[in-house]
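Read in order, the letters of the sequence shown correspond to residues 64 to 327 in the working numbering.
Idealized CB from N, CA, C, for every residue including glycine.
The block underneath contains the structure these notes are about, expressed in structure tokens.
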Amino acid sequence: MHKPIVHHIPVCPFCQRLEILLALKGQPNAVEFRVVDITRPRDPGLLARTRGTTALPVMELPDGRVLKESLVILDYLDETVPGPVQRRPDPFEHAVEQMLIAKEGPLVTAGYRLVMNQDRGQRQPLLDALLGAFAQIDDVLLAHSPEGDFLFGAFGLAEAVFTPIFMRFWFLEYYEGFELPAGPNYDRVRRWRQACLAHPAAQQTSREQVIKMYYDYALGAGNGALLPGRQRSSFVFEPHWRTRPWPPAEKYGPSASDAALGLV
């Protein structure tokens, strides 16, 4: 029996949430993951199947039908792959789950805008926007799960959505010196984040990998784009990220060369 095919980038947070879901279901091999190199032109055949869009992940079903958007694919896999269903069975709890998941978009936008910012003068308003997004998540958690670590007693669908984002925000700690402040607006979301990061189903990537591969994001170049004076993206697969030196944490000064980054 043919498996669905998921075209993905290993270090992409939106792809990792699918891997987390399959780990929670005990079915890590339920789909075939095919790696896409975003530093090269996209395969014309894949572009034809996705109707010209390049965002990943994309899932092809055995009969040729295609699904896009990670949250859509996540729901489909949760319903169709054998194993414990991760969405809450109770309608109200599932609604709460969806209310929390709705906060993911603003958090992602705020975090990526901050890491990609190149203007020191804009740093504070961007930081304020990120803190505001965290505070809104904290508010939902306090309203519906003030005492526990997770939203509903155990790591579930909402945690699978947010954990890869919390992991990518290691680049904010490294390149922006970002830390969640202490205090009532952030204490609950901090506890949730810590529990999510430690969960055994969510260990597909590491802090070192994120920081090394997202160096170009910290200089304002995303999705494999090349910076001036550079010939290779920090997202290349070779040399392997483990063999590269740690990049400079100072993002507002001169950028490192390909050689300094261990890319050649």
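Sixteen is the threshold: when 16 or more other Cβ atoms of the shown chains lie within 10 Å of the Cβ of residue 239, as they do, the residue is buried. For the pair residue 292 and residue 318, the Cα-to-Cα distance works out to about 9 angstroms. If you ignore the 5 residues before and after residue 157, its C-beta comes within less than 6 angstroms of the C-beta of 150 and 151, all in its own chain and listed in chain order.
Checking the DSSP bridge columns, you'll see residue 273 has no partner listed. Taking all protein chains shown into account, residue 70 has 16 or more neighbouring C-beta atoms within 10 Å of its C-beta and is therefore buried. A Cβ-Cβ separation of about 16 angstroms leaves residue 196 out of contact with residue 226 under the 8 angstroms criterion. Only residues of its own chain outside the window of five on either side were considered, and among them 69 and 71 have a CB closer than 6 angstroms to the CB of residue 96, listed in chain order. Around the beta carbon of residue 126, fewer than 16 other beta carbons sit within 10 angstroms, so the residue counts as exposed. In terms of Cα proximity to residue 222, the closest of 173, 181 and 256 is 256. The C-alpha of residue 111 lies about 42 angstroms from the C-alpha of residue 253. By the CB criterion at 9 angstroms, residue 267 and residue 79 fall inside the cutoff.
Contact between the region 185-201 and the region 133-153 is absent, with fewer than three C-beta pairs closer than 8 angstroms. Here residue 193 really is in contact with residue 173; their C-beta atoms are around 4 angstroms apart, less than 8 angstroms.
The Cβ atoms of residue 170 and residue 189 lie no closer than 9 angstroms to each other. Cβ contact annotation for residue 102 (same chain, cutoff 8 angstroms, sequence separation greater than five): 287, 295, 296, 298 and 299, in chain order.
For the set 204, 143, 248 and 312, the Cα lying nearest the Cα of residue 162 is the one of 204.
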